[in-house]
Amino acid sequence: MPEDHSWMGPLRATLPKSFQRSATLKDELLEDVLRSMHVIAPLALADTTWDNVGLISQAPVPRKGADKVYLAIDLTEEVANDILSKPKVGAAVIYHPIIFRPLKSLTLADSQQRSLLKLIQAGVSVYCPHTSLDAAVGGMTDWLAKAVAQSPFGVLESSDWRVNELADQQDSQLLRNLAMPFKIATILKDESTEELEYNPDLIFAGSRPVIKPIIPSDPKQAGHEAAGMGRLVTLPKPDFLDTVISHMREFVKVGTEQWTGDFTNFARDLHDPGNVVRVARAARHENGYQGKRISKIAVCPGSGGSVFKNVEADVYVTGELSHHEILHFTQQKHSSVVLLNHTNSERPYLPILALRLGAALELARHGRQGASGPPPSGKPALQKALDRVVVGNKDRDPIEDAGPKRPMRTLQEMLSPS
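Numbers 1 to 418, taken from full-length UniProt numbering, label the letters of the sequence shown in order.
Okay, structure coming up:
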């Protein structure tokens, strides 16, 4: 009787054409990464009119004994050196593509090319999801959308999704729920469990905003029917701009912390990264908690100018906009703008991706090893999933707060000898 692997579902997906198996050395880790990322963020969701996503570089000789995946937003030299210092890392998922434009050469003179070449030499392959992860259901933009309407920690610590409580349940579906985009979590209700199809509304405790893509993906992908670029959040009841700003300050703090894989203390002891949340207030929002309330918020990680072009909202939340785009939104549309810095709007999602990718990797490995039934679950299984992924702590936004303002000196003080 043939073994039943139907529980693996989409993880049995065909490998992308860009992947070529070595005739002599099999890179099982890379194959598992490709299949897992196909489930989490199918490449068909990416905006390939300008983006370069997928397997960017494939090491011809895989790193011996490596079974971990490294996550970062950018492949800087500091990040590359951190990867090289971790012998168990055999693949890296770098959010931003390291190669955007056609290359005429690959040399050590260019810092990014130098980093890529060093990783290839060490046996580490690089995969870049970028806009496929932006658009995906349960992806980066969904997480940012949840954060604008409610503190992101509410998602983790609420009765709707308590990771630690899930870990204590001997739920055979745990890893599947985490890995698959259409079954993000098992909802706990009065000591019983109930599986629910993915719905962003269900992630919230208490009030449930409506979250829809600004630019829906076409064609639809299985499990990602609600995918698309950007999200428009409609609050269940109007709130103040300063409430959104408060949520964004907490959200950005997550991205500046070194994540250890311990969800128990995920929301605690966060240091203040400084005044990295900036706001351009429309006239109607200038009086803080006395100003006009808001109900519609457009969000987009990174640089959202093009995504926001044809959507009406009270507030636009993104990483960066040009000076003229800000004036357009505040003066012409009479809406406010909240800016987080480019990668600060993206990096807080990495711990969530780590959890989901680790779960998918464990599923893929379990299936590859010939097991006929679903993998073990509960707390040990969750810890195994977390152990498969390293969230890099050398990855940071290039722009940081300069610190407290120094008092302005008078002209006489500046001209006088010290």
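Note that beta-carbon positions come from the ideal geometry of N, C-alpha and C, so glycine has one too. The model shown is predicted, which means the values in this text are computed figures rather than measured ones.
Under the three-state DSSP convention, the category residue i falls into
i, result
"Thr-234", "strand"
"Ile-245", "helix"
"Asp-171", "In this predicted model, Asp-171 has a pLDDT of only 40, less than 50, meaning its place in the structure is not dependable enough to derive any value."
"Pro-301", "strand"
"Lys-212", "strand"
"Ser-295", "strand"
"Ser-306", "coil"
"Leu-327", "helix"
"Ala-44", "helix"
"Val-252", "helix"
"Arg-278", "strand"
"Ser-105", "coil"
"Asp-201", "At Asp-201 the pLDDT is 39, less than 50, meaning the model places this residue with poor confidence and gives no usable figure here."
"Ser-57", "strand"
"Asn-164", "Its pLDDT being 37, under 50, Asn-164 is placed unreliably by the model, and the measurement read from it follows with that caveat. Helix."
Nearest-angstrom Cβ-Cβ length linking residue i and residue j, presumed shorter than 8 Å
i, j, result
"residue 421", "Gly-392", "One cannot answer for residue 421 here, as it falls past the ends of the chain, which runs 1 to 418."
"residue 487", "Val-315", "One cannot answer for residue 487 here, as it falls past the ends of the chain, which runs 1 to 418."
"Ser-322", "Thr-234", "About 27 Å; that fails the 8 Å criterion."
"Arg-249", "Val-277", "5 Å"
"Leu-106", "Leu-117", "6 Å"
"Ala-91", "Ser-125", "5 Å"
"Gln-150", "His-247", "7 Å"
"Asp-27", "Ala-364", "So it is not a contact: roughly 13 Å between Cβ atoms."
"Val-53", "Thr-131", "7 Å"
"Pro-97", "Ile-56", "6 Å"
"Asp-395", "Asp-110", "Not really, about 20 Å apart at Cβ, beyond 8 Å."
"Ala-59", "Leu-84", "So it is not a contact: roughly 12 Å between Cβ atoms."
"Ile-399", "Asn-341", "5 Å"
"Thr-330", "Ala-282", "5 Å"
Residue i - containing beta strand (DSSP E), residue span
i, result
"Pro-398", "Note, Pro-398: premise wrong, no beta strand (DSSP E); not H, not E."
"Ser-336", "336-339"
"Ala-72", "68-72"
"Val-93", "89-94"
"Val-390", "389-391"
"residue 435", "This structure gives no information on residue 435, because the portion of the chain shown stretches from 1 to 418."
Boundaries of the alpha helix (DSSP H) in which residue i is found, first to last residue
i, result
"Ser-36", "28-40"
"Ile-98", "Counting along the chain, Ile-98 falls outside any alpha helix (DSSP H), and DSSP gives it neither H nor E."
"Ala-360", "350-368"
"Glu-320", "It is not in any alpha helix (DSSP H) - Glu-320 instead sits in the beta strand (DSSP E) that spans 315-320."
Distance cut-off 8 Å: residue i Cβ against heavy atoms of the ligand GTP
i, result
"Ala-360", "With respect to the ligand GTP, the structure shown offers nothing to examine, as it has no ligands at all."
Taking contact to mean 3 or more Cβ pairs, one atom from each stretch, closer than 8 Å, check whether the segment 293-309 and the segment 223-240 are in contact. These segments touch.
Of all the alpha helix (DSSP H) runs that stay within the bounds of the segment 116-158, which reach a length of 4 or more residues? Those alpha helix (DSSP H) runs which fall completely within the segment 116-158 and span 4+ residues are 131-135, 140-149, 152-157.
Are the segment 329-338 and the segment 347-366 touching by the rule of at least three beta carbon pairs closer than 8 Å? Contact between the segment 329-338 and the segment 347-366 is absent: fewer than 3 CB-CB pairs across the two stretches fall below 8 Å.
Given 8 Å, three or more beta-carbon pairs between the segment 32-49 and the segment 125-140: Short answer: they touch.
Answer yes if the segment 93-106 comes into contact with the segment 61-68, meaning at least three C-beta pairs across the two stretches below 8 Å, and no otherwise. No, they do not touch.
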